[in-house]
Amino acid sequence: MSRIQSTFATLKANNKKALIPYITAGDPHPKFTVELMHAMVKSGADIIELGVPFSDPMADGPVIQRASERALVHKVGLRKVLALVKEFRLDDDNTPVVIMGYANPIEAMGIATFAASAKESGVDGVLTVDYPPEECEGFIAELNKHDIDSIFLLSPTTEVKRIDLVVKQATGFLYYVSLKGVTGAANLDVEEVKTRVANIRKQTSLPVGVGFGVKDAATAKSVAAFADAVVVGSRTVLTIEQSSEETLVANISALIEELRSAID
């Protein structure tokens, strides 16, 4: 059982839901990334989603795009992200880490090299926005070889037939994108999302996390009522953007504590 699967099993046994905050690796500077990861865990995060900075993101809204730009100034690429995960593992061997990014850097490294390096670094799951399930059998096979979970996105426009294809390949959990558009694009319709998640559950026993529209504690609480996990990205990254170096860790810790309290 992977760290991700074990985490969800433990949470379910305790009637709790997962809190999965997202930060972009290297934002605002790589020297803060590992410290922020530890602070989020201490404040109540169950799984960390770590974004790989990318110059041409198709799913990320302006807040996360700016985070990538800040990280890229410091030359934070895929290899550096894996090095940061490895550093995090020196003091935390329990918290699952999912890296989220795009296919181009992985293809440039080579999928076999990437999967082996990710495993060696302590990565538990990989979410690649632009690897369609119809075309990534080889990639998933490499991840499976190293016991790394394959996380897939589902959206309001995903058809039943395609959900079937995704759930046959996905492990760990499914990530439901709660709105049409990019991260942080709009206010989500909680009742509509609840219905969509219920329909997804008819096709899989995997945990379902909801993200892309969770902007505050109230929304997190509403989503946690029916989802297995609440993913918070743009709000977390915006907090980083609006913080000074001196207040950065304290502000992120306060946000995670607020979200944790609301979800519980």
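For the sequence shown, counting from 1, position 3 maps to 108 in our numbering; every step adds exactly one. Backbone N, C-alpha and C fix where the C-beta goes; we use that ideal spot for every residue, glycine too. Fair warning: this is a prediction, and the values are worked out from it, not measured in the lab.
(request) Can you have a look at MET145 and say buried or exposed, based on whether 16 or more other CB atoms are within 10 angstroms of its CB? (result) Buried is the label assigned to MET145, since at least 16 other Cβ atoms lie within 10 Å of its Cβ.
(request) May I have the straight-line CA-CA distance separating ASN175 from PRO133, to the nearest angstrom? (result) Contrary to the premise, residue 175 reads as Arg rather than Asn in this sequence. Taking the straight line joining both Cα atoms gives about 6 Å.
(message) Counting C-beta neighbours from all protein chains within 10 Å, is the total for LYS307 16 or more, i.e. buried, or is it exposed?
(response) With fewer than 16 Cβ atoms within 10 Å of its Cβ, LYS307 is classed as exposed.
(request) Could you tell me the distance, in whole angstroms, from the CA atom of ASP196 to the CA atom of THR112? (result) So the two alpha carbons sit approximately 18 Å from each other.
(request) Give the DSSP bridge partners of LEU155, in chain order. (result) Answer is ILE128 and ILE204.
(message) Less than 8 Å between the beta carbons of LEU258 and VAL234, yes or no?
(response) The Cβ-Cβ distance between LEU258 and VAL234 falls below 8 Å.
(message) Tell me which residue opens and which closes the alpha helix (DSSP H) that SER111 is part of.
(response) 108-118 is the extent of the alpha helix (DSSP H) around SER111.
(request) Figure out for me which residue from ILE216, THR300 and LYS320 has the closest Cα to the Cα of TYR207. (result) The residue from ILE216, THR300 and LYS320 with its alpha-carbon nearest to that of TYR207 is ILE216.
(message) So if DSSP puts PHE193 in a beta bridge, which residue, or which two residues, is it bridged to?
(response) The partner list for PHE193 (beta bridge, DSSP) is empty, contrary to what the question assumes.
(request) Out of GLY338, SER222, ILE211 and PRO237, point me to the one whose CA is closest to GLN274's CA. (result) Closest by alpha carbon: PRO237.
(message) Buried or exposed, going by whether 16 or more other CB atoms sit within 10 Å of the CB of GLN347?
(response) Classification of GLN347: exposed, given that the 10 Å Cβ count is below 16.
(message) Tell me which residue opens and which closes the beta strand (DSSP E) that THR233 is part of.
(response) Note, THR233: beta strand (DSSP E), 230-233.
(message) Under 8 Å: do the segment 118-132 and the segment 239-258 share three or more Cβ pairs, one atom per stretch?
(response) Contact between the segment 118-132 and the segment 239-258 is absent, with fewer than three C-beta pairs closer than 8 Å.
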